[in-house]
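For reference, the structure discussed in these notes is given below.
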Amino acid sequence: MSGGVDSSVAAALLAEQGHDVIGLSMQLYDQRGGEQAWGTCCTLDDLQDARRVASTLGFPHYIVNFERQFQETVISNFVREYASGRTPLPCAHCNSDLKFSTLLDRARGLGAEQVATGHYARVDHSADGRWLLKRSADPEKDQSYFLFSLTQDQLARAVFPVGFLSKSEVRAQAHRLGLAVADKPDSQEICFVPDGDYASFVARKDPSVVRGGAIVDDEGRHLGTHGGVHRFTVGQRKGLGISASSPLYVLKIDAEAATVTVGARDALEKPRLSASGVNWIAIDAPRSPMRVAAQIRHRHKPGAGSVRALPGGRAEMIFDEPQPAITPGQAAVFYDGDSVVGGGWIE
40 MSGGVDSSVA AALLAEQGHD VIGLSMQLYD QRGGEQAWGT CCTLDDLQDA
90 RRVASTLGFP HYIVNFERQF QETVISNFVR EYASGRTPLP CAHCNSDLKF
140 STLLDRARGL GAEQVATGHY ARVDHSADGR WLLKRSADPE KDQSYFLFSL
190 TQDQLARAVF PVGFLSKSEV RAQAHRLGLA VADKPDSQEI CFVPDGDYAS
240 FVARKDPSVV RGGAIVDDEG RHLGTHGGVH RFTVGQRKGL GISASSPLYV
290 LKIDAEAATV TVGARDALEK PRLSASGVNW IAIDAPRSPM RVAAQIRHRH
340 KPGAGSVRAL PGGRAEMIFD EPQPAITPGQ AAVFYDGDSV VGGGWIE
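My numbering applies: residue 40 is where the sequence shown begins, and numbers increase by one.
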């Protein structure tokens, strides 16, 4: 229970259905304050909102301290990825690697059979006995992209009560149930970088990333200098620090050489990608090409093409039409209709 309307309604609907509900909220940072600034989620006020909802609904609520796990699983990965010239996806690591893996262990300790969250996604069961992850009923709020690494064991015990509702229906349910968070705004930013200044955050955590280098065009010609590759992401246009007669975009980042390559927008379009750490959900790893639609960013319209498994937990996706800004460090999630076939980390 994050203290927001989605997880509060998820808990309330389960309690209303007669389930024996226990509310858990994650404490992700030292609530006594310090140099770390936090956004509009995971705050002390949010934990209190979650506790009030649990009290209103009449079930127990506990706060579990995940400060160490959050630092190791999410923040450290975030800093390492930017330092290596990649663009991290912290919400995916938080949802799958932290929330589900750790909360399932806590659930077992409490004698609970399942873990429910307020994610906009659905779990289904296929005819062959495999658990499926599907898009939510609300396409604008769908979060299946961030959950691609859930295992069969995790999906077997996952429940997403709001995945069958639209956001407006969730708020209507909150009003019906008398929850004080019914009109609470959604959090939008990454919780541990509320001002959106990723570069400054990474530099504070790892000062060694502040290492200047060259900005070059796609033919290797020197155009300018930069103050560290952690300031850039593939597809970026603004803040390059160079002037040109036409817009330039980041095409490639070489952290070892401290070089940032820029070029015209059409040079961003690539016909294929490779991914590592691939988790197959709906099927076993396909050795021959399988038709799917691949989503390469949260708001990206999936591109059709063919995917096949490679040795070492990798995969190759070849698109029918080139896709813009395929970004190392982001997730490539493969869909068959509204079902997640699998997904991995773009290399």
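The beta carbon of each residue, even a glycine, is placed where N, CA and C say it ideally should be.
Between which two residues does the beta strand (DSSP E) carrying residue i extend?
i, result
"Arg463", "Limits of the chain in this structure are 40 at one end and 386 at the other, which puts residue 463 out of reach."
"Asp256", "Gly252 to Asp256"
"Leu397", "With the chain covering 40 to 386 only, the question about residue 397 has no answer from this structure."
"Asp293", "Tyr288 to Asp293"
"Leu171", "Trp170 to Arg174"
"Thr300", "Thr298 to Gly302"
"Ala332", "Met329 to Gln334"
"Gly37", "Because the chain here runs from 40 to 386, residue 37 falls outside it and cannot be looked at."
How far does the alpha helix (DSSP H) with residue i in it reach, from first residue to last?
i, result
"Tyr121", "Ser115 to Ala122"
"Phe109", "Glu106 to Phe109"
"Val92", "Leu83 to Leu96"
"Glu308", "It is not in any alpha helix (DSSP H) - Glu308 instead sits in the beta strand (DSSP E) that spans Glu308 to Trp319."
"Val44", "Val44 to Glu55"
"Ala364", "Here Ala364 belongs to no alpha helix (DSSP H), and DSSP marks it neither H nor E."
"Asp192", "Gln191 to Ala195"
Pick from the options: whose alpha carbon is nearest that of residue i?
i, options, result
"Ala294", "Thr126, Glu55 and Gly382", "Thr126"
"Leu63", "Gly57, Gly42 and Leu52", "Gly42"
"Phe358", "Arg311, Pro328, Arg347 and Cys133", "Arg311"
"Ile385", "Gly376, Ala324, Ala370 and Ala348", "Ala370"
"Val299", "Val372, Lys340 and Gly252", "Gly252"
"Gln108", "Val162, His132, Glu152 and Val301", "His132"
"Pro350", "Asp375, Gly150 and Ala324", "Ala324"
"Pro246", "Asp375, Phe231 and Tyr121", "Tyr121"
"Ala364", "Val289, Pro341 and Ala332", "Val289"
"Leu366", "Gly381, Ala176, Gln334 and Ser207", "The sequence given here places Thr at residue 366; Leu does not occur at that position. Answer by Cα proximity: Gln334."
"Lys309", "Ala296, Ala297, Ala321 and Lys291", "Lys291"
"Arg174", "Gly168, Ser188, Ala166 and His158", "His158"
"Leu216", "Met40, Ala50 and Gly383", "Ala50"
"Pro99", "Val209, Met40 and Phe117", "Met40"
"Gly302", "Arg260, Leu143 and Thr264", "Arg260"
"Leu52", "Ala197, Val241, Val209 and Phe240", "Val209"
"Ile254", "Val248, Glu228 and Ile281", "Ile281"
"Ala93", "Glu179, Leu287, Ile61 and Phe373", "Ile61"
"Pro200", "Ala176, Leu279, Leu186 and Ser188", "Ala176"
Report all residues from its chain with a CB closer than 6 Å to the CB of residue i; omit the five preceding and five following residues, and keep chain order.
i, result
"Ala195", "Trp170"
"Ala213", "Val44, Val48 and Ala221"
"Phe378", "Residue 378 is actually Ser in this sequence, not Phe. Closer than 6 Å at the Cβ level, and outside the excluded window around Ser378, lie Leu171, Lys173 and Ala321."
"Ala238", "His269 and Arg270"
"Val198", "Gln153 and Ala155"
Does residue i come out as helix, strand or coil in the three-state DSSP assignment?
i, result
"Thr264", "strand"
"His339", "coil"
"Asp359", "strand"
"Tyr237", "helix"
"Gln153", "coil"
"Gly202", "helix"
"Phe231", "coil"
"Ser64", "strand"
"Val216", "The sequence given here places Leu at residue 216; Val does not occur at that position. Coil."
"Arg276", "coil"
"Arg353", "strand"
"Ala370", "strand"
"Ser207", "helix"
"His269", "helix"
"His58", "coil"
"Ala324", "coil"
"Ser226", "coil"
"Ala348", "strand"
"Val249", "coil"
What residues in its chain sit with their C-beta under 8 Å from that of residue i, if we drop five residues either side in the sequence?
i, result
"Ser140", "Gln193"
"His164", "Trp170 and Leu171"
"Gln191", "Arg169, Trp170 and Ile320"
"Val241", "Phe117, Val118, Tyr121, Ala122, Val248 and His269"
"Ser285", "Ala303"
Keeping to the same chain, check which residues put their C-beta closer than 7 Å to that of residue i; ignore five residues upstream and five downstream.
i, result
"Leu67", "Cys81, Phe105, Glu106 and Phe109"
"His337", "Tyr184"
"Ile102", "Ser64, Gln66 and Leu86"
"Lys149", "The question names Lys, yet the displayed sequence has Leu at residue 149. Cβ within range, chain order: Ile61."
Discussion item. Assess contact between the stretch 309-319 and the stretch 354-369, defined as three or more Cβ pairs (one per stretch) separated by less than 8 Å. Is contact present?
Written reply: The stretch 309-319 is in contact with the stretch 354-369.
Worksheet entry | contact_flag[the stretch 316-330, the stretch 339-348] where n(CB pairs < 8 Å) is 3 or more | Two segments are said to touch when three or more pairs of C-beta atoms, one from each, lie closer than 8 Å; by this definition the stretch 316-330 touches the stretch 339-348.
Item to complete: Kindly confirm or deny that the stretch 119-139 and the stretch 261-281 touch, where touching means at least three C-beta pairs closer than 8 Å.
Response: The way I'd put it, the stretch 119-139 does touch the stretch 261-281; three or more beta-carbon pairs between them come closer than 8 Å.
Worksheet item: If we count Cβ pairs, one from each stretch, closer than 8 Å, do we get three or more for the stretch 81-101 versus the stretch 215-235?
Response: Segments in contact, yes.
Worksheet entry | Cβ contact (3+ pairs, closer than 8 Å) linking the stretch 233-244 and the stretch 50-65 | Contact between the stretch 233-244 and the stretch 50-65 is absent, because fewer than three Cβ pairs lie under 8 Å.
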